Amino acid sequence: MRLDKFTQKAQEAVIEAQQLAQDYNHPAVEPEHLLKVLVNQEGGVVPSLLGHIGADAQMLNQSIDQALASMPRATGSAMQTGMSRNLADTLEEAKAIADNMKDEYVSTE
Numbered sequence: 084m085r086l087d088k089f090t091q092k093a094q095e096a097v098i099e100a101q102q103l104a105q106d107y108n109h110p111a112v113e114p115e116h117l118l119k120v121l122v123n124q125e126g127g128v129v130p131s132l133l134g135h136i137g138a139d140a141q142m143l144n145q146s147i148d149q150a151l152a153s154m155p156r157a158t159g160s161a162m163q164t165g166m167s168r169n170l171a172d173t174l175e176e177a178k179a180i181a182d183n184m185k186d187e188y189v190s191t192e
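For this note's numbering, add 83 to where a residue sits in the sequence shown, where the first one is 1.
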């Protein structure tokens, strides 16, 4: 996945999602990692959208935390945390949506 076609905020979110997966000792970065980052991204559009629609961000965070806690863990000094097929598919779909909207970059919206 080429991140050069992502906005700065979107690139930061993907990188932070990878760090989050590593923090949890997860063998792959999943969509849930990215969602957790986007929901909590300071200055990001997702927290604003959640507030606008009246969603309970704290409850959403708790649900995401439960999902992350239930994921398998891997250990070892040589562990590499790569992108899962699910996340790659999600990002490819985001790229396709951006292309259909004639956007040059994938954003966090």
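Each residue gets a CB set at the ideal place from its N, CA and C atoms; glycine is no exception. Because the structure is a prediction, the values reported are computed rather than measured.
When the options are compared against residue i, the one with the closest alpha-carbon
i       : options                            : result
Asn-108 : Asn-169, Asp-182, Thr-191, Pro-155 : Pro-155
Ser-167 : Asp-148, Asp-106, Glu-115          : Glu-115
Gln-163 : Gln-105, Ala-96, Ser-131           : Gln-105
Cβ-based burial, residue i [other Cβ within 10 Å; buried from 16]
i       : result
Glu-113 : buried
Gln-101 : buried
Gly-127 : buried
Ala-111 : buried
Leu-103 : buried
Leu-174 : buried
Leu-117 : buried
Ala-93  : buried
Nearest-angstrom Cα separation, counted from residue j out to residue i
i       : j       : result
Lys-119 : Asp-148 : 8 Å
Leu-143 : Ala-150 : 11 Å
Gln-145 : Ile-98  : 22 Å
Thr-191 : Gln-124 : 10 Å
Gly-165 : Leu-133 : 29 Å
Thr-90  : Ala-138 : 25 Å
Lys-185 : Val-122 : 25 Å
Lys-178 : Gly-159 : 33 Å
Ala-157 : Glu-176 : 28 Å
Lys-88  : Ala-96  : 14 Å
Delimiting residues of the alpha helix (DSSP H) encompassing residue i
i       : result
Lys-88  : Premise fails: Lys-88 is in no alpha helix (DSSP H) and is neither H nor E.
Asp-172 : 168-183
8 Å Cβ cutoff, residue i in contact with chain C
i       : result
Glu-187 : In the displayed structure, chain C is absent; only one protein chain is listed.
Only counting runs of 3 or more residues, tell me where the beta strand (DSSP E) segments fall wholly within the stretch 94-156, in order along the chain.
none
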